[in-house]
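Take a look at the structure set out below.
Numbering (the numbering used here), first residue to last: -19 to 178.
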């Protein structure tokens, strides 16, 4: 039985999940910049870009759920959060040129992801920098609530605010992966998955 996440098949999957987080963070930064500075953008273009982000976010969460070795209930929670993000992407693409609906779907996506992230950070004992990851989750949730609550009446302010938040969240994802490289996650005995029967 592997003693940590860097041993066995679980280590390979976790490394793959780290690569996905790095790519998703870079894509978030690029999308955030494009959304914020694109001249003469229209609501359908913004719906497409935000929809792409939510699909990317959902795929990231589902990859982490499958590729990490956290407790099964937490993996299920992360996977469900990813599925909900993909569903919100579909709603985002069908917002019908409504800036308020677009802001609502993006804000809900961030709020769900932040709650999930903070929950995993609190409940998984062996997570390195669990406190920082919990703060990252709470920050993401707070950003989602801000985007939901603020009544955006036109696309320009929504694009600037949400695009800026995308850049910040993407940069934090990249920083999390880069700073966490080389750290080994010690799993509690109950969370370890035996590779062969005793």
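We put the CB at the ideal spot given by N, CA and C, even for glycine.
Under 8 Å Cβ to Cβ from residue i, same chain only, skipping five residues before and after it: list those, please.
i, result
"residue 192", "No answer is possible for residue 192: the residues shown for the chain start at -19 and end at 178."
"residue 28", "73"
Comparing the CB of residue i with every heavy atom of the ligand GTP, is any distance shorter than 7 Å?
i, result
"residue 55", "In terms of ligand content, the structure shown is empty, and the ligand GTP therefore cannot be addressed."
If I measure Cβ to Cβ from residue i and keep anything under 6 Å in the same chain, skipping five residues before and after, which residues do I get?
i, result
"residue 6", "none"
"residue 143", "12, 15, 16"
Tell me, to the nearest whole angstrom, how far the beta carbon of residue i is from that of residue j; I am working on the premise that it is less than 8 Å.
i, j, result
"residue 31", "residue 73", "4 Å"
"residue 104", "residue 54", "6 Å"
"residue 57", "residue 99", "6 Å"
"residue 23", "residue 82", "7 Å"
"residue 139", "residue 26", "6 Å"
Please go through the same chain and pick out, in chain order, the residues whose beta-carbon is closer than 7 Å to the beta-carbon of residue i, but skip the five residues on each side of it.
i, result
"residue -1", "none"
"residue 114", "98, 101, 102"
"residue 33", "8, 11, 146"
"residue 152", "116"
"residue 203", "Absent from the structure is residue 203, since the part of the chain shown begins at -19 and ends at 178."
"residue 132", "79, 80, 83, 138"
Helix, strand or coil: which one does DSSP assign to residue i?
i, result
"residue 77", "coil"
"residue 119", "helix"
"residue 51", "coil"
"residue 24", "helix"
"residue 172", "In this prediction, residue 172 has a pLDDT of 39, which is less than 50 and means its spatial position is unreliable; what the coordinates show is noted afterwards. In the structure shown, residue 172 sits in coil (DSSP, three-state: anything other than H, G, I, E or B)."
"residue 130", "coil"
"residue 180", "Because the chain spans -19 through 178 in this model, residue 180 falls outside it and cannot be assessed."
"residue 18", "coil"
Starting from the Cα of residue i, find the closest Cα among the options and give me that residue.
i, options, result
"residue 119", "133, 93, 79", "93"
"residue 86", "129, 44, 116", "129"
"residue 127", "79, 62, 51, 41", "79"
"residue 77", "60, 88, 134", "134"
"residue 88", "52, 51, 61", "61"
"residue 124", "131, 96, 137, 91", "91"
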